[in-house]
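Reading through the structure tokens given below for one structure.
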Amino acid sequence: MGAATGQSLPVAVGVLLSPLPIVAVVLMLTSERARANASAFVVSWFVAVLAAVAAVAFLAAGTASDDGDPAAWTGWLKIVLGILLLVVGVRQFLGRPGAGVEPPAPRWMAAIDHFTPARSAGLAVLLVVVNPKNLLLVVSGGVAIASATESTGPTVIASLVFALVATIGVAVPVAIYVAMGARAARILRGLEAWMVHNNAVIMAVLLLILGTKILGDGIATL
């Protein structure tokens, strides 16, 4: 269990720091149905991450060789995932907005004021399984878990730890809101503005670091 958690934890931190889900929660906390929408998003985010990372982990673990070692293709998959993360990271960095230029906000941000808890939960799932950057990270986490353990129990526990760590980022704004009430609005809006403006740079740094790690792990596996 320790090895699987250790291998996947850096990737979970990458998901934790992904700006767009955090911005989505902040926007929900400044809308009319603040607590209901934000709570639905956080719970759905956790469940979606857990389901995705566990599915990948069990799929990869199910192809282990007879001696219990991970199948050789998991090493190649890590190499492919590492290269993809590096490519996406470079594209994010090159596409970052220039000084004084505000990046365009995704269309769904403008509609969050009118979201219901069900739509908030649905958005969380979409940001996990449709957003290519988050999906790459979650898949990488699942492969890392599978390559470090061969039994069901440790895989489940490592997947739970991965999902819990990956959920901290979207849970922190809710904790600030609950602790500070109306006073939290200014802090949350400042956090939202900073993360939207620096989204490309944050993701570029995360993807480049994690891509390098996963690529190295893949080479070591082979």
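Going by full-length UniProt numbering, the first residue of the sequence shown is number 1, and it counts up by one from there. The beta-carbon is built from N, C-alpha and C at its ideal position, and this holds for glycine as well. Keep in mind it's a predicted model, so treat the numbers as computed, not measured.
Cβ contact annotation for A144 (same chain, cutoff 8 Å, sequence separation greater than five): A4, Q7, S8, V11, K78, I214, D217, in chain order. If you check the CB distance, D113 and S31 come in under 7 Å.
Under the 8 Å Cβ criterion, the segment 36 to 53 counts as touching the segment 165 to 175, having at least three qualifying pairs. For A99, no alpha helix (DSSP H) run applies, since DSSP gives it neither H nor E. The continuous alpha helix (DSSP H) containing G211 extends over residues 199 to 221. Under the three-state reduction of DSSP, V196 is assigned to helix.
Per DSSP, reduced to three states, the secondary structure at T5 is helical. Three or more Cβ pairs closer than 8 Å define a contact, and the segment 180 to 193 falls short of that threshold against the segment 85 to 93. Two segments are said to touch when three or more pairs of C-beta atoms, one from each, lie closer than 8 Å; by this definition the segment 138 to 158 does not touch the segment 104 to 113.
In this structure, L137 sits away from V129, with a CB-CB distance that is not shorter than 7 Å. Nearest to T221 by C-alpha distance, out of G95, V80, H197, is V80. For I157, the uninterrupted alpha helix (DSSP H) segment begins and ends at 152 to 180. In the DSSP assignment, I112 falls outside any alpha helix (DSSP H), carrying neither H nor E. If you draw a straight line from the Cα of L164 to the Cα of G98, it comes to about 35 Å. Here T74 is buried. Its C-beta has 16 or more other C-beta atoms within 10 Å.
Ranked by Cα distance from V49, the options V205, I187, S159 are led by S159.
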